[in-house]
Amino acid sequence: GQQLNQSPQSMFIQEGEDVSMNCTSSSIFNTWLWYKQDPGEGPVLLIALYKAGELTSNGRLTAQFGITRKDSFLNISASIPSDVGIYFCAGREAGGTSYGKLTFGQGTILTVHP
Amino acid sequence: DGGITQSPKYLFRKEGQNVTLSCEQNLNHDAMYWYRQDPGQGLRLIYYSQIVNDFQKGDIAEGYSVSREKKESFPLTVTSAQKNPTAFYLCASSIEGRRAQYFGPGTRLLVL
Numbered sequence: 004g005q006q007l008n009q010s011p012q013s014m015f016i017q018e019g020e021d022v023s024m025n026c027t028s029s030s031i032f033n034t035w036l037w038y039k040q041d042p043g044e045g046p047v048l049l050i051a052l053y054k055a056g057e058l059t060s061n062g063r064l065t066a067q068f069g070i071t072r073k074d075s076f077l078n079i080s081a082s083i084p085s086d087v088g089i090y091f092c093a094g095r096e097a098g099g100t101s102y103g104k105l106t107f108g109q110g111t112i113l114t115v116h117p
Numbered sequence: 012d013g014g015i016t017q018s019p020k021y022l023f024r025k026e027g028q029n030v031t032l033s034c035e036q037n038l039n040h041d042a043m044y045w046y047r048q049d050p051g052q053g054l055r056l057i058y059y060s061q062i063v064n065d066f067q068k069g070d071i072a073e074g075y076s077v078s079r080e081k082k083e084s085f086p087l088t089v090t091s092a093q094k095n096p097t098a099f100y101l102c103a104s105s106i107e108g109r110r111a112q113y114f115g116p117g118t119r120l121l122v123l
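Which chain is which? The protein sequence lines are A and B, in order.
First residue of the first sequence? That's 4 in my numbering, and the numbers climb one at a time after it.
First residue of the second sequence? That's 12 in my numbering, and the numbers climb one at a time after it.
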């Protein structure tokens, strides 16, 4: 079945640094979603992308829907300690079922050192 | 405030027992979903419902059952047939199937 390749698997950065992570798929997607999950909590939607080339910001977060429709990127600028958590991407394959099954990446674990 | 609530936060199951996890949303969303999250694995879809009184199996439906009698509610029952129920269970909803899904806070199920 469809799989998403999310990288990196983990990141250790200093407070104030910028962060970049990405997801790639083997087929064309029509939706990319980025979530953040804290331990023991449900994922929180950060950014939703629905068009190829779309670039959307949410505060210090910026995400892009790749023009090939097979990838997406999430950038975090000027990281702060509360950015710590697991970030994962999810995508919906073009031409898929009407209920819109999501495929999830394995997540990027972000650690921010003060 | 609109959102998704799940209860309880922690649930303990004895051998041979059925347990029901609650999921309620006041977002007026048509579609609702149940996922299972295990350490080191991505989210896996158990069941989904696009509309009241209709639901479909996801990728790992064996040992689980659901109902969708009201738009706001989508309870999940973990039956005794589910031999490895220990996991973090997440409920989600979306305005319709092709839009972003929003997640609840989760229920952690443990087996005694």
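Even glycine gets a Cβ: it sits at the ideal position worked out from N, Cα and C.
So, under 8 Å CB-CB, residue i and residue j are touching, yes? Tell me the CB distance rounded to an integer number of Å.
i	j	result
SER98 (chain B)	GLN28 (chain B)	Checking the displayed sequence, the identity of residue 98 (chain B) turns out to be Ala instead of Ser. Not quite, the Cβ-Cβ distance comes to about 16 Å (not below 8 Å), so this is no contact.
LEU32 (chain B)	GLN52 (chain B)	So it is not a contact: roughly 19 Å between Cβ atoms.
GLN35 (chain B)	GLU83 (chain B)	According to the sequence as given, residue 35 (chain B) is Glu; it is not Gln. Contact holds; Cβ gap of about 6 Å.
GLN40 (chain A)	HIS116 (chain A)	Contact doesn't hold; Cβ gap of about 20 Å is too wide.
ALA42 (chain B)	ILE57 (chain B)	Actually they are not in contact, since the Cβ atoms of ALA42 (chain B) and ILE57 (chain B) sit about 14 Å apart, beyond 8 Å.
ALA51 (chain A)	ALA92 (chain B)	36 Å between Cβ atoms; not a contact.
GLY117 (chain B)	GLY45 (chain A)	5 Å
ALA93 (chain A)	TYR38 (chain A)	7 Å
ASP21 (chain A)	ILE79 (chain A)	7 Å
Which term fits residue i, buried or exposed, when burial requires 16 or more other beta carbons within 10 angstroms of its beta carbon?
i	result
SER104 (chain B)	buried
LEU121 (chain B)	exposed
THR71 (chain A)	exposed
GLN67 (chain A)	buried
SER85 (chain A)	exposed
TYR21 (chain B)	exposed
SER145 (chain A)	Outside the displayed span of chain A (4 to 117) sits residue 145 (chain A), for which this structure offers no information.
GLN9 (chain A)	buried
LEU101 (chain B)	buried
VAL47 (chain A)	exposed
SER60 (chain A)	exposed
ASP65 (chain B)	exposed
ASN37 (chain B)	exposed
Note the first and the last residue of the continuous beta strand (DSSP E) segment covering residue i.
i	result
GLU96 (chain A)	88-96
HIS116 (chain A)	111-116
ASP74 (chain A)	74-79
LYS68 (chain B)	65-68
LEU123 (chain B)	Premise fails: LEU123 (chain B) is in no beta strand (DSSP E) and is neither H nor E.
LEU56 (chain B)	55-62
Helix, strand or coil for residue i, going by three-state DSSP, please let me know.
i	result
SER78 (chain B)	coil
SER85 (chain A)	helix
ASN95 (chain B)	coil
ARG24 (chain B)	strand
THR90 (chain B)	coil
ALA63 (chain A)	Ala is not the amino acid found at residue 63 (chain A); the sequence shown has Arg there. Three-state DSSP puts ARG63 (chain A) in coil, outside helix and strand.
GLN48 (chain B)	strand
ARG109 (chain B)	coil
THR71 (chain A)	coil
ALA72 (chain B)	coil
GLU35 (chain B)	strand
TYR53 (chain A)	coil
ILE31 (chain A)	coil
ASN8 (chain A)	strand
PHE85 (chain B)	coil
LYS39 (chain A)	strand
ASN29 (chain B)	coil
Please confirm whether residue i has its beta-carbon closer than 8 Å to some beta-carbon of chain E.
i	result
TYR113 (chain B)	In the displayed structure, chain E is absent; the protein chains listed are A and B.
Relative to the ligand GDP, is the shortest distance from any of its heavy atoms to the C-beta of residue i smaller than 7 Å?
i	result
GLY117 (chain B)	The ligand GDP is absent from the structure shown, which contains no ligand whatsoever.
Report yes or no: do three or more beta-carbon pairs, one from the stretch 101-112 of chain A and one from the stretch 10-20 of chain A, lie closer than 8 Å?
yes
Tell me whether the stretch 86-99 of chain A and the stretch 26-36 of chain A touch, counting them as touching only if at least three CB pairs, one residue from each stretch, are closer than 8 Å.
yes
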